[in-house]
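>
There are 2 protein chains.
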Amino acid sequence: MSIPYYYKSIDFNKLVQEYEPPMEFMEGSWRWNRDQIENTQFVRLKETLEKGSKIPFFQKLWSKFDFSPDHVQSLDDISKIPMYTIDDIRESIERQPPFGDYQSYTFEDGNHTPLRFYTSGGTTGTPRPTIYSQWDREVGAILSARTFYMHGIRPGDAVLNSWAYSTHNAAWIMDHGLWHWLGCIPITTGTGNVTPTEKQVELARTFGARSILATSDYLLHIADTAQKMGYDLKEDFQFKTLSAFGNTEPVKKVYNCPVYDSYAFHEVQYVAAECPAHKGLHIFEDAFIVEVVDFETGKPLPPGHRGNLVVTALYKTGTQQIRYNIQDISALYEYEQCECGSWHRRMDYFQGRSDTMVKLRGVNVWPEGCGKVILEDERVNGEYYCYVERLKTDGNRERDEMTMLVEAKTDGIDKYEMQRDLTDLLKRKIGVHIQVQVVDPESLRPYTGHGVRAKLKRFEDRRG
Amino acid sequence: MSIPYYYKSIDFNKLVQEYEPPMEFMEGSWRWNRDQIENTQFVRLKETLEKGSKIPFFQKLWSKFDFSPDHVQSLDDISKIPMYTIDDIRESIERQPPFGDYQSYTFEDGNHTPLRFYTSGGTTGTPRPTIYSQWDREVGAILSARTFYMHGIRPGDAVLNSWAYSTHNAAWIMDHGLWHWLGCIPITTGTGNVTPTEKQVELARTFGARSILATSDYLLHIADTAQKMGYDLKEDFQFKTLSAFGNTEPVKKVYNCPVYDSYAFHEVQYVAAECPAHKGLHIFEDAFIVEVVDFETGKPLPPGHRGNLVVTALYKTGTQQIRYNIQDISALYEYEQCECGSWHRRMDYFQGRSDTMVKLRGVNVWPEGCGKVILEDERVNGEYYCYVERLKTDGNRERDEMTMLVEAKTDGIDKYEMQRDLTDLLKRKIGVHIQVQVVDPESLRPYTGHGVRAKLKRFEDRRG
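Chains as they are written, first to last, in the working numbering: chain A, 12 to 475; chain B, 12 to 475.
(1) Mapping the DSSP letters down to three states, classify P108/A as helix, strand or coil.
(2) Please report whether the beta-carbon of V205/A lies at a distance below 8 Å from any beta-carbon of chain B.
(3) What are the start and end residues of the alpha helix (DSSP H) that includes Q430/B?
(4) Does the beta-carbon of P457/A have 16 or more other beta-carbons within 10 angstroms, so that it is buried, or is it exposed?
(5) Got a sec? Which residues, its chain only, sit under 7 Å from K239/B by beta carbon, not counting five neighbours each side?
(6) A284/B and M161/B look like a contact to me (Cβ under 8 Å); what is the Cβ gap, rounded to whole Å?
(7) Comparing the C-beta of F69/A with each C-beta of chain B, is any distance below 8 Å?
(8) Would you call the CB atoms of G121/B and I196/A closer than 8 Å?
(9) Distance cutoff 8 Å, beta carbons only. Does E7/A sit that close to anything in chain B?
(10) Following the continuous beta strand (DSSP E) through L171/A, name the residue where it begins and the one where it ends.
(11) Rounded to a whole number of angstroms, what is the C-alpha to C-alpha distance between Y143/A and G167/B?
(12) Grab me the residues of T135/A's own chain with a C-beta within less than 6 Å of its C-beta, minus the 5 sequence neighbours each way, in chain order.
(13) With DSSP as the reference, label T134/A as helix, strand or coil.
(14) Of all the CB atoms in chain B, is at least one closer than 8 Å to the CB of F119/A?
(15) Under 8 Å, Cβ to Cβ, is there at least one residue of chain B near G475/A?
(16) Can you check whether the CB of D411/A is closer than 8 Å to the CB of R474/A?
(17) Select from the region 15–34 of chain A all residues with a C-beta closer than 8 Å to any C-beta belonging to chain B, and list them in chain order.
(18) Compare the C-beta of F218/A against all C-beta atoms of chain B and say whether one is closer than 8 Å.
(19) List the residues of chain B that M12/A touches, going by C-beta distances under 8 Å, in chain order.
(20) Report the neighbours of I198/A on chain B: residues whose CB is nearer than 8 Å to its CB, in chain order.
(21) Could you tell me if M413/A is buried or exposed, where buried requires 16 or more neighbouring beta carbons within 10 angstroms of its beta carbon?
(22) Is there a Cβ from chain B that is less than 8 Å from the Cβ of L214/A?
(23) Output yes if chain A places a C-beta closer than 8 Å to the C-beta of C381/B; else output no.
(24) Mapping DSSP to helix, strand and coil, what is C268/B?
(25) Between G194/A and chain B, is any beta-carbon pair separated by less than 8 Å?
(26) How far does the beta strand (DSSP E) with Q280/A in it extend, from its first residue to its last?
(27) Considering only C-alpha positions, which residue in the set V417/A, H444/A, K468/A and L433/A is nearest to S454/A?
(28) Please list the terminal residues of the continuous alpha helix (DSSP H) segment that includes P159/B.
(29) Using 8 Å for Cβ pairs, my map puts F53/A next to S85/A. What's the rounded Cβ distance?
(30) Along chain B, which residues have their Cβ under 7 Å away from the Cβ of N122/A?
(31) Indicate the three-state DSSP secondary structure (helix, strand or coil) for D46/B in the structure shown.
(32) Within 8 Å (strictly less), CB to CB, does P452/A reach chain B?
(33) List the residues of chain A that P125/B touches, going by C-beta distances under 7 Å, in chain order.
(34) Identify the contact partners of P109/B in chain A, using a Cβ-Cβ distance below 7 Å as the criterion.
(35) Measuring CB to CB, does N267/B end up less than 8 Å from V304/B?
(36) Run through chain A and tell me which residues come within less than 9 Å of G39/B, C-beta to C-beta.
Below you can see the structure in the form of structure tokens.
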């Protein structure tokens, strides 16, 4: 038995050469032309397929579709690789509980390399575990640090991390990035049930936090709390930039400082980040290939078309993600140079989850999309919660109906009038009837988990 | 501007030579004789005084008592160094908010070395911040790893960390130790308000956790929860050892596996740990000098005498702790070789806080002491909460009285009889009247924070 000491378990020089930390990245691979990007992607894709071919999960999936890594002779051949979704991962866990047959490491490997363990999901159903190798953590942390650096966070900055330090990866890889790769000092508050939002406000003020990491929802809640405590967000704090997830516009308005968006998920960590041009999210293309496919046919879609994101991680040594249809909705930009100078391809902002997408009379509707539409009305405070139910029509046919509960900004608003206006607005913008019900400010918290959950719950399927 | 990458910001070879990680430690400084220990301590104490002399906090404190580092010519001279308590730290913060004048680093130093930031206290009053240098984190993590290794935790073990991942240091330095220096995989649950205890039980079971880090109180709550869920702690889990804080006896009984105690606090991290002989806690004497002093006079006490712990950290490069009277109650053992073979001095188990100590008719009483006494009665479940109030006697003189709320193990017990017995028991063991009030099981949770706080609140001063 021996103990794998962290500082000497991987080749750090190789690491920083292959996946450049923020400052080297901005001078290095960030400026690559398309050929450089795509040549690197192809080499790494082939290596990734090689690693995947040793994992039972991919062996089964690929043989089912008669796929062999040899079929990939150029980047364009990526669409020949079978996709999978969360359902396949769930099946894998059922096949071989509790870790599934998609892991490359077991806990025993802790004997020779430092490991981390996180689970996704967690709100419902069995947790889906991922064991991360040290290499995979470091690359994930470097990608986090690149993101924060692009967002204007700098060495010596104290950064409030308001994501949940729980069995979910998010807060952890951010912490790791700030600490190991950016010279920042995380203020480790976690969410509101670990450190009450009032106390987070006090910590940010007292210790001069320069930024906050949180969802846009929670950033708005922090702002609201600070204002209720009598503070002026511009005068009483030292925020210079915010790194959010989700709609940044309302956040920008209340904090009056730059707010940046990004895209990440549990298994692969940061995938893409907004640059100062604020025109979409640059994919870290040395570490990922991102495609967008049709919701139903799974066929690759051309730039500008909305569909499901399909992500291939190129950097991983442990669990592989090769054409994972994550069912997050977005679209790709054309291949073109951004105003910021980079050729790293951009994707659109996160547009919701297609697994909470509901088909109403042939129209795809999703809660986050509706959430954006209602912001046009100044009487709303932005909080909402959708549910769908299956109703019988007069002719005894079944019909799905969505109801959207929307918080009014203040008490004493004419709710009936507001409901009518919002229902009309949604019908006009989305093309289908969605019943709006206006409720009192703060009354949706128990449903959404506002102020407690880092990522809010927006949807409930009541179709049974 | 540059970014201090973690992997190359300190000299790791120097680090592991000066503060041996677990396996090297057990073969190395763990076997030192007293001369080797004390020679190292003296050299490091002189270096520590040198570092302290550059910090305004110590400059002020020392000049007030006309102390100069030259006055220390041997280890025995340590008692010449002025002590300080939490009150002096609070004053330092008032003098120079919000960091006080006791820090050696500011956030800006993140430019050249990775830093961490945690605060102690937090239940009441202003948080007392500490900025940790990378060196100080690594040594702290090595001491944590030594502790867990002595407790039987090994590389490849999954370990449930049920301490609060918050702005307090505890959970973090444990996580760091497990991850960087022991090859273990932390299951990052945090306390019950981040991951409900039922879910912690499921995670421990599903993923085969080999140990849990938590207070004894919370370990008992986890056991209780598991049993209510219908599990058998021996059959349904893979625990091989538990690393607790506090009274281990009841924990041992319900888990039926070895349970070890240790001693640590926010500013200095792990100070001492129990060895397999289970006879006191070995102080990590290459990193600390621990003294015990009289509660009132502050004079050093001989072995076996109970007093306040006074801790000098020898390893720190940032904030120094030089004769910090932490006001935790314990006693030192004689200088002697332990059954385990080590000459590292042992201290008694934590006996409570002297700042929650109440003088009743000339007798020193503290809640944790009372908590241990009542365990003799089989009708209690171990949960208690004490408060003290100032009452006027008939003659109009003031008199302090303590009331102890004690949970009965089950409903339907004759509370009157139990109250009488417990009041008698406390009077007999402690020598003074303490009014016991027996309450229903689980009714004290809102007071103590059971299942939510990692360290429970046991005492309230209502004297106004």
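Note that beta-carbon positions come from the ideal geometry of N, C-alpha and C, so glycine has one too.
Owing to the predicted nature of the structure, the values given are computational and were not obtained by experimental measurement.
Inspection of the coordinates gives the following:
(1) Position 97 of the first sequence, counted from the start, is the residue given in the question as residue 108/A. Coil at P108/A, not helix or strand.
(2) Position 194 of the first sequence, counting from 1, holds the residue named residue 205/A. Yes - at least one Cβ of chain B is within 8 Å of the one on V205/A.
(3) The sequence position of residue 430/B within the second sequence is 419, counting from 1. In this chain, the alpha helix (DSSP H) harbouring Q430/B covers K426 to I441.
(4) The residue you call residue 457/A lines up with position 446 of the first sequence. Counting the other CB atoms within 10 Å of its CB gives P457/A a total below 16, which places it among the exposed residues.
(5) What you label residue 239/B is simply residue 228 of the second sequence in a count that begins at 1. The beta carbon of K239/B sits closer than 7 Å to none of the beta carbons in its chain outside the five residues before and after it.
(6) Position 273 of the second sequence, counted from the start, is the residue given in the question as residue 284/B. Position 150 of the second sequence, counted from the start, is the residue given in the question as residue 161/B. Yes, A284/B and M161/B are in contact; Cβ-Cβ is about 5 Å, under 8 Å.
(7) Translated into positions along the first sequence, residue 69/A becomes position 58. Between F69/A and chain B, the shortest Cβ-Cβ separation is not below 8 Å.
(8) Numbered from its first residue, the second sequence carries residue 121/B at position 110. Numbered from its first residue, the first sequence carries residue 196/A at position 185. For G121/B and I196/A, yes; Cβs fall inside 8 Å.
(9) No answer is possible for residue 7/A: the residues shown for chain A start at 12 and end at 475.
(10) Stepping through the first sequence from its first residue, residue 171/A is reached at position 160. Where L171/A is concerned, the enclosing beta strand (DSSP E) stretches over A169 to N172.
(11) The sequence position of residue 143/A within the first sequence is 132, counting from 1. The sequence position of residue 167/B within the second sequence is 156, counting from 1. In a straight line, the C-alpha of Y143/A is about 13 Å away from that of G167/B.
(12) As a working note, residue 135/A is residue 124 in the first sequence. Since pLDDT at T135/A reaches only 48, below the 50 mark, its modelled position is unreliable, and the value read off the structure follows with that caveat. Beyond the five residues adjoining it in sequence on each side, T135/A comes within less than 6 Å, by CB distance, of no other residue in the same chain.
(13) If you number the first sequence from 1, residue 134/A lands on position 123. Since pLDDT at T134/A reaches only 47, below the 50 mark, its modelled position is unreliable, and the value read off the structure follows with that caveat. Three-state result, T134/A: coil.
(14) As a position in the first sequence, residue 119/A is number 108, starting the count at 1. The question names Phe, but residue 119/A is Glu in the sequence shown. With its beta carbon less than 8 Å from one in chain B, E119/A belongs to the interface.
(15) Counting from 1 along the first sequence, the entry for residue 475/A is found at position 464. With respect to chain B, the C-beta atom of G475/A has no partner C-beta closer than 8 Å.
(16) On the first sequence, residue 474/A is found 463 positions in, with the first residue counted as 1. On the first sequence, residue 411/A is found 400 positions in, with the first residue counted as 1. For R474/A and D411/A, yes; Cβs fall inside 8 Å.
(17) Those residues of the region 15–34 of chain A placed with their C-beta closer than 8 Å to a C-beta in chain B are P15, Y16, Y17, Y18, K19, F23, V27, P32, P33 and M34, ordered along the chain.
(18) As a working mapping, residue 218/A is identified with position 207 in the first sequence. For F218/A, the answer is yes, since a Cβ of chain B falls inside 8 Å of its Cβ.
(19) In the first sequence, residue 12/A corresponds to position 1, counting from 1. In chain order, R165 and P166 make up the part of chain B whose C-beta sits under 8 Å from the C-beta of M12/A.
(20) Indexing the first sequence from 1 puts residue 198/A at position 187. Result: F128 and T178.
(21) Position 402 of the first sequence holds residue 413/A. Result: buried.
(22) Taking the first residue of the first sequence as 1, we reach residue 214/A at position 203. The beta carbon of L214/A falls within 8 Å of a beta carbon belonging to chain B, placing the residue at that interface.
(23) Numbered from its first residue, the second sequence carries residue 381/B at position 370. Not an interface residue.
(24) Taking the first residue of the second sequence as 1, we reach residue 268/B at position 257. Three-state result, C268/B: coil.
(25) Translated into the one-based positions of the first sequence, residue 194/A becomes position 183. Closer than 8 Å to some Cβ of chain B, the Cβ of G194/A qualifies, so yes.
(26) Position 269 of the first sequence, counted from the first residue, corresponds to residue 280/A. Counting along the chain, the beta strand (DSSP E) containing Q280/A begins and ends at Q280 to E285.
(27) Indexing the first sequence from 1 puts residue 454/A at position 443. Ranking the options by Cα distance to S454/A, first place goes to V417/A.
(28) The sequence position of residue 159/B within the second sequence is 148, counting from 1. According to the sequence provided, residue 159/B is Phe. The question's Pro does not apply to it. Annotation for F159/B: the continuous alpha helix (DSSP H) segment containing it runs Q145 to M161.
(29) Position 42 of the first sequence, counted from the first residue, corresponds to residue 53/A. Position 74 of the first sequence, counted from the first residue, corresponds to residue 85/A. Confirmed, about 7 Å.
(30) The residue labelled residue 122/A in the question sits at position 111 within the first sequence. Neighbours of N122/A on chain B, chain order: P166, G167 and G194.
(31) Taking the first residue of the second sequence as 1, we reach residue 46/B at position 35. Three-state result, D46/B: helix.
(32) By one-based count along the first sequence, residue 452/A stands at place 441. Not an interface residue.
(33) Taking the second sequence and counting its residues from 1, the one referred to as residue 125/B is at position 114. Within chain A, the residues W190, H191 and G194 have their CB atoms less than 7 Å from the CB of P125/B, given in chain order.
(34) If you number the second sequence from 1, residue 109/B lands on position 98. Simply T217 and F218.
(35) Residue mapping note: residue 267/B aligns to position 256 of the second sequence, counting from 1. Residue mapping note: residue 304/B aligns to position 293 of the second sequence, counting from 1. Contact flag unset, no.
(36) As a working note, residue 39/B is residue 28 in the second sequence. Neighbours of G39/B in chain A, taken as residues at a C-beta separation under 9 Å, are lacking, since the least C-beta distance is about 14 Å.
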